[in-house]
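Each remark here refers to the structure printed beneath this line.
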Amino acid sequence: MTSADRPIRVRRVHPWLLGVAWTSPWLVGLVVFLAVPVLLSLIYGFTEYSLIEPPIPVGAANYREMLGDGLFWRVLANTLLYTVLAVGIGTVLSLGIAVALEQRVPGSDLVRAVVFLPTVVPVVAASLAWAWMFSAESGLINTLLAHVGIRGPDWLGDGRWAMLSVVIVGLWGIGSQVVIYAAALRDVPRQLYDAAAIDGATPIGRFFRITLPQISPTVLFNVVMSIIWSIQVFAAPLIMTKGGPDNATLVYSLYVYRNAFEYGRMGYASALAWVQFLVALILTGMALWLGRRLVHYRGAS
Amino acid sequence: MSSLSASSRSRRAWWQRLALPAVLILISLVFIAPIAWMGATSIKPESQALEGGLRPLPRIERDGGGLGVTQPDYWRGVAASAGATYRDVLTSPFADFVAYLRNSLIVAALSVVGMVVSCSVVAYGLSRIRWQGRGVLFLITLATMMIPATVLMAPQFILFKHLGWIGTYRPLWVPAWLGGAFGIFLMRQFFLGIPRELDEAARLDGCSHPRIFVSIILPLARPALAVVALFQFTASWNDFVLPLIVLNHEHEYTLGVGLYMFVSKHGSTPWNQVMAASVLAILPVLVLFLLTQRAFVEGIATRGLKD
Numbered sequence: 001m002t003s004a005d006r007p008i009r010v011r012r013v014h015p016w017l018l019g020v021a022w023t024s025p026w027l028v029g030l031v032v033f034l035a036v037p038v039l040l041s042l043i044y045g046f047t048e049y050s051l052i053e054p055p056i057p058v059g060a061a062n063y064r065e066m067l068g069d070g071l072f073w074r075v076l077a078n079t080l081l082y083t084v085l086a087v088g089i090g091t092v093l094s095l096g097i098a099v100a101l102e103q104r105v106p107g108s109d110l111v112r113a114v115v116f117l118p119t120v121v122p123v124v125a126a127s128l129a130w131a132w133m134f135s136a137e138s139g140l141i142n143t144l145l146a147h148v149g150i151r152g153p154d155w156l157g158d159g160r161w162a163m164l165s166v167v168i169v170g171l172w173g174i175g176s177q178v179v180i181y182a183a184a185l186r187d188v189p190r191q192l193y194d195a196a197a198i199d200g201a202t203p204i205g206r207f208f209r210i211t212l213p214q215i216s217p218t219v220l221f222n223v224v225m226s227i228i229w230s231i232q233v234f235a236a237p238l239i240m241t242k243g244g245p246d247n248a249t250l251v252y253s254l255y256v257y258r259n260a261f262e263y264g265r266m267g268y269a270s271a272l273a274w275v276q277f278l279v280a281l282i283l284t285g286m287a288l289w290l291g292r293r294l295v296h297y298r299g300a301s
Numbered sequence: 302m303s304s305l306s307a308s309s310r311s312r313r314a315w316w317q318r319l320a321l322p323a324v325l326i327l328i329s330l331v332f333i334a335p336i337a338w339m340g341a342t343s344i345k346p347e348s349q350a351l352e353g354g355l356r357p358l359p360r361i362e363r364d365g366g367g368l369g370v371t372q373p374d375y376w377r378g379v380a381a382s383a384g385a386t387y388r389d390v391l392t393s394p395f396a397d398f399v400a401y402l403r404n405s406l407i408v409a410a411l412s413v414v415g416m417v418v419s420c421s422v423v424a425y426g427l428s429r430i431r432w433q434g435r436g437v438l439f440l441i442t443l444a445t446m447m448i449p450a451t452v453l454m455a456p457q458f459i460l461f462k463h464l465g466w467i468g469t470y471r472p473l474w475v476p477a478w479l480g481g482a483f484g485i486f487l488m489r490q491f492f493l494g495i496p497r498e499l500d501e502a503a504r505l506d507g508c509s510h511p512r513i514f515v516s517i518i519l520p521l522a523r524p525a526l527a528v529v530a531l532f533q534f535t536a537s538w539n540d541f542v543l544p545l546i547v548l549n550h551e552h553e554y555t556l557g558v559g560l561y562m563f564v565s566k567h568g569s570t571p572w573n574q575v576m577a578a579s580v581l582a583i584l585p586v587l588v589l590f591l592l593t594q595r596a597f598v599e600g601i602a603t604r605g606l607k608d
């Protein structure tokens, strides 16, 4: 075959077949490791399945049980509390740090690296490091508090403080949000600030009237991603408090994990996971709906 | 923002000019404290670790008196104290950290190679071939990033059980060979930035798609390949949930699970040893991060960009 024939031969392959062929690993991956598990759990959600015995169909019994399961409502409430705290404080904090970093004082690149660093720390090591920080007797936090005359609480052993402690571990990992916000802040057109300077706007006025509307799509993106991250919080409460004290930090994923792998109730765990998925979907939908209205408002003005 | 002109900068009072650096230093201290304290605790003897206090370095006593940091014997003592803790960790009857380290490396290496290969191939299909459905597939890919991973915990376990993969490393690296949403997204964005004229000229010269992919696109996409490799390495190294549910035997554990089990098995926590083990677990990613900090940060920043 001469080289002149080859392009013609290549063009004969239907582009659709070609596209499917090139993306086939991902198509297989989507089906096998995503669609199949999701469908399996939908089916197993209607069974009693101990993993040892074959699954027994029980109809909607798992979902009915959930309604009367006090612990289910408790873990749902705990997870929503965690989400509200982590997303709320995390958004304000990461925006604040990003604005401070973008003032470009000498050394801010180093600070950015330090803030980002915790996001690469393995979650087990991070949870253990914070458990040690929070130690009531010899932890660094209570030692520092004692130096200024405050008797620190038993962070992980006191039901009133345990959830906040777990939230703080999550907040330690806001580095990626900070970096995303910083990139967005750099893209805000300079002319807008120059115009505001002529109008004599205060820094705070500038932030709320110019910066925040300009970066609102990024805020929406970060809020949605951190809602999804918060709903699945798992390792920190497992490692630091094992869900205690008195279920104060028993979060949704931990309850799913216990049902699936400790109580041998894979059917109930599957049903729980589906409800978790729906909760994530509803919260994300709410954030997107709210966000669209706010972003639209900016476009209209 | 860099909106402040030089004149307004000079008009600010001295305390205003100092406030920002002070805030930045405070932020850095808060973020670095857990890691710094982890390191400090790991070189102390257990009794001193539990005393609390703010001393970053251990106290070394000789002949009833404490040695000062200026004495050479003091640093010999610190080295001996640190050496003892790390030796205790590495030879602990509760854990085999050398094996965990090796297991984590094997899993990370396999999944990094798989992720880079599969994501670049799939991204080529999404950016260089015009076919019906590629837009939909890209949207589906983005949507999968919205599925909380723990929702899949129980169903994936059932799937792996059906496949006979429980108690093997396969659940930890085989899926990476079929691509991942973030890697595909990042790679596609990068490929779209490579001028089409390059491969169109090659097509007219009779180059096939695999040839264009290997000899034109891949060499130009090296920075994107590196970012995907970095992210996959840390994701694999830091993975905890999946190894926790699929690995059954102690000698199979990866570092995260091994560390967790090490703590769970102890009655009372020997904090100096736990912190030393944590240092061992974070050291590889820490070194990698320090060497490639810029690529990491820029990779994450592109995540927020939506076209």
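Going down the list, the sequences are from chains A and B.
Just so you know, the first sequence maps onto residues 1 to 301 in our numbering.
Just so you know, the second sequence maps onto residues 302 to 608 in our numbering.
From the three backbone atoms N, C-alpha and C, an ideal C-beta is built for every residue, glycine too.
These numbers were taken from a predicted model, which means no experiment stands behind them.
Exposed unless 16 or more other CB atoms sit within 10 angstroms - verdict on A:T302:
As shown, chain A starts at 1 and ends at 301. That puts residue 302 of chain A outside it, with no answer to give.
Members of the stretch 151 to 167 of chain A near chain B, C-beta cut-off 9 angstroms
none
What is the DSSP secondary structure of B:R497, reduced to helix, strand or coil?
Sequence index remark: in the second sequence, residue 497 of chain B carries index 196 (1-based). The answer is helix: DSSP assigns B:R497 an H, G or I state.
Taking 8 angstroms as the limit between beta carbons, can you name the residues of its chain near A:M163, skipping five residues before and five after?
Within the first sequence, residue 163 of chain A is the residue found at index 163, counting from 1. Correct list, in chain order: N78, L81, Y82, L85, A248, T249.
Hey, would you say A:V115 sits closer than 8 angstroms to A:V169, going by beta carbons?
Within the first sequence, the letter at position 115 stands for residue 115 of chain A. Within the first sequence, the letter at position 169 stands for residue 169 of chain A. Not in contact: A:V115 and A:V169 (Cβ atoms no closer than 8 angstroms).
Please look up how many angstroms separate the CB atoms of B:G354 and A:T143, rounded, as I've assumed it's under 8 angstroms.
Counted from its first residue, the second sequence places residue 354 of chain B at position 53. Counted from its first residue, the first sequence places residue 143 of chain A at position 143. For B:G354 against A:T143, the beta-carbon gap comes to about 6 angstroms, under 8 angstroms, which counts as contact.
Please state if the CB of B:I336 and the CB of A:V111 are separated by a distance shorter than 8 angstroms.
Counted from its first residue, the first sequence places residue 111 of chain A at position 111. Counted from its first residue, the second sequence places residue 336 of chain B at position 35. Their beta carbons are not under 8 angstroms apart, which means A:V111 does not touch B:I336 by this criterion.
Straight-line CA distance for A:E53 to A:W16?
Working through the first sequence from its first residue, we reach residue 53 of chain A at position 53. Working through the first sequence from its first residue, we reach residue 16 of chain A at position 16. Taking the straight line joining both Cα atoms gives about 45 angstroms.
Give me the Cα-Cα distance between B:R356 and A:V38, rounded to the nearest whole angstrom.
Taking the first residue of the second sequence as position 1, residue 356 of chain B is located at position 55. Taking the first residue of the first sequence as position 1, residue 38 of chain A is located at position 38. Approximately 52 angstroms between the Cα atoms of the pair.
With B:T451 and A:V256 assumed to form a contact (beta carbons below 8 angstroms), what rounded beta-carbon distance in angstroms separates them?
Counting from one through the second sequence, the residue named residue 451 of chain B turns up at place 150. Counting from one through the first sequence, the residue named residue 256 of chain A turns up at place 256. Sure, about 7 angstroms apart at Cβ, within 8 angstroms.
Would you identify the three-state DSSP class for A:R104, choosing helix, strand or coil?
Within the first sequence, residue 104 of chain A is the residue found at index 104, counting from 1. Correct three-state label for A:R104: coil.
To the nearest angstrom, how far is the alpha carbon of B:A424 from that of B:A320?
As a position in the second sequence, residue 424 of chain B is number 123, starting the count at 1. As a position in the second sequence, residue 320 of chain B is number 19, starting the count at 1. Cα to Cα, B:A424 sits roughly 46 angstroms from B:A320.
Where does the unbroken alpha helix (DSSP H) through B:M339 begin, and where does it stop?
For the purposes of this step, residue 339 of chain B is identified with residue 38 of the second sequence, where counting begins at 1. 315 to 343 is the extent of the alpha helix (DSSP H) around B:M339.
Anything in chain A within Cβ reach of B:L355, meaning under 8 angstroms, just list it in chain order.
Reading the second sequence from its first residue, position 54 is the one you call residue 355 of chain B. Those within 8 angstroms of B:L355 in chain A are L140, T143, L144, H147.
Please report whether the beta-carbon of A:I239 lies at a distance below 8 angstroms from any beta-carbon of chain B.
As a first step, residue 239 of chain A is located in the first sequence; it is residue number 239 there, counting from the start. Answer yes: the Cβ-Cβ gap between A:I239 and chain B drops below 8 angstroms somewhere.
Measuring alpha carbon to alpha carbon, tell me which of B:L592, B:L589, B:T593, B:S579 ends up nearest B:A341.
Counting from 1 along the second sequence, the entry for residue 341 of chain B is found at position 40. Among B:L592, B:L589, B:T593, B:S579, the Cα nearest to that of B:A341 is on B:S579.
Excluding the five sequence neighbours on either side, which residues of its own chain have a C-beta within less than 8 angstroms of the C-beta of A:T91, listed in chain order?
For the purposes of this step, residue 91 of chain A is identified with residue 91 of the first sequence, where counting begins at 1. Q177, V219, N222, V223, S226, listed in sequence order.
Rounded to whole angstroms, what is the Cα-Cα separation between A:A197 and A:G205?
Against the first sequence, residue 197 of chain A aligns to sequence position 197. Against the first sequence, residue 205 of chain A aligns to sequence position 205. So the two alpha carbons sit approximately 11 angstroms from each other.
Step through the CB atoms of chain A and report whether any lies within less than 8 angstroms of the CB of B:T593.
As a position in the second sequence, residue 593 of chain B is number 292, starting the count at 1. No, its Cβ sits nowhere closer than 8 angstroms to a Cβ of chain A.
Run through chain A and tell me which residues come within less than 7 angstroms of B:E352, C-beta to C-beta.
Mapped onto the second sequence, residue 352 of chain B falls at position 51. In chain order: S138.
Looking at the structure shown, is B:I583 part of a helix, part of a strand, or coil, going by DSSP?
Mapped onto the second sequence, residue 583 of chain B falls at position 282. Three-state result, B:I583: helix.
When the cut-off is 8 angstroms and only beta carbons count, does B:M339 lie next to chain A?
Taking the first residue of the second sequence as 1, we reach residue 339 of chain B at position 38. Answer yes: the Cβ-Cβ gap between B:M339 and chain A drops below 8 angstroms somewhere.
Would you mind sorting B:E362 into buried or exposed? The rule is 16 or more other CB atoms within 10 Å of its CB.
Within the second sequence, numbered from 1, the residue matching residue 362 of chain B stands at position 61. With a 10 Å radius around the Cβ and a threshold of 16 neighbouring Cβ atoms, B:E362 comes out exposed.
Can you check whether the C-beta of B:V417 is within less than 8 angstroms of a C-beta belonging to chain A?
Taking the second sequence and counting its residues from 1, one reaches residue 417 of chain B at position 116. So, not an interface residue.
First and last residue of the alpha helix (DSSP H) that includes A:P54?
The residue given as residue 54 of chain A occupies position 54 in the first sequence. Segment: none, A:P54 is in no alpha helix (DSSP H) and carries neither H nor E.
Cβ separation of A:V124 and B:Y554, assumed to be a contact under 8 angstroms, to the nearest whole Å
Residue numbering aside, residue 124 of chain A sits at position 124 when the first sequence is read from its first letter. Residue numbering aside, residue 554 of chain B sits at position 253 when the second sequence is read from its first letter. Not quite, the Cβ-Cβ distance comes to about 11 angstroms (not below 8 angstroms), so this is no contact.
Exposed or buried, which one is B:N539 when buried takes at least 16 other CB atoms within 10 Å?
Here the question's residue 539 of chain B lines up with position 238 in the second sequence. Under this definition B:N539 is a buried residue.
Using a Cβ-Cβ distance cut-off of 8 angstroms, determine whether B:G468 contacts chain A.
If you number the second sequence from 1, residue 468 of chain B lands on position 167. No - not a single Cβ of chain A is within 8 angstroms of the one on B:G468.
Distance, B:V575 Cα to B:E347 Cα
In the second sequence, residue 347 of chain B corresponds to position 46, counting from 1. In the second sequence, residue 575 of chain B corresponds to position 274, counting from 1. Taking the straight line from one Cα to the other gives about 10 angstroms.
If you count every other CB in all the chains shown that lies within 10 Å of the CB of A:F208, and 16 or more means buried, which is it?
Residue mapping note: residue 208 of chain A aligns to position 208 of the first sequence, counting from 1. By the 10 Å Cβ count, A:F208 comes out exposed.
Please name the residue in B:A383, B:L402, B:G426, B:W316 whose C-alpha comes closest to that of B:M488.
To locate residue 488 of chain B, count along the second sequence from 1; it is residue 187. Residue B:G426 is the option with its Cα nearest to B:M488.
If I measure Cβ to Cβ from B:A542 and keep anything under 8 angstroms in the same chain, skipping five residues before and after, which residues do I get?
Reading the second sequence from its first residue, position 241 is the one you call residue 542 of chain B. For the record, residue 542 of chain B in the displayed sequence is Val; it is not Ala. Within the same chain, B:V542 has close Cβ partners A450, T451, M454.
Let me make sure I understand the geometry here. Which of B:V598, B:Q594, B:N573 has the alpha-carbon closest to that of B:K345?
As a first step, residue 345 of chain B is located in the second sequence; it is residue number 44 there, counting from the start. Per the Cα distances, B:N573.
Grouping DSSP H, G and I as helix and E and B as strand, with all else coil, what is B:R523?
Here residue 523 of chain B refers to the residue found at position 222 when the second sequence is read from its first residue. B:R523 sits in a helix when the DSSP states are folded into three classes.
Please list, in chain order, all residues of the same chain as A:V20 whose beta carbon is under 8 angstroms from its beta carbon, the five residues on each side excluded.
Here residue 20 of chain A corresponds to residue number 20 of the first sequence, with the count starting at 1. Here the set comprises L27.
Rounded to whole angstroms, what is the Cα-Cα separation between A:R265 and A:G29?
Within the first sequence, the letter at position 265 stands for residue 265 of chain A. Within the first sequence, the letter at position 29 stands for residue 29 of chain A. Near 27 angstroms, if we compare the C-alpha coordinates of A:G29 and A:R265.
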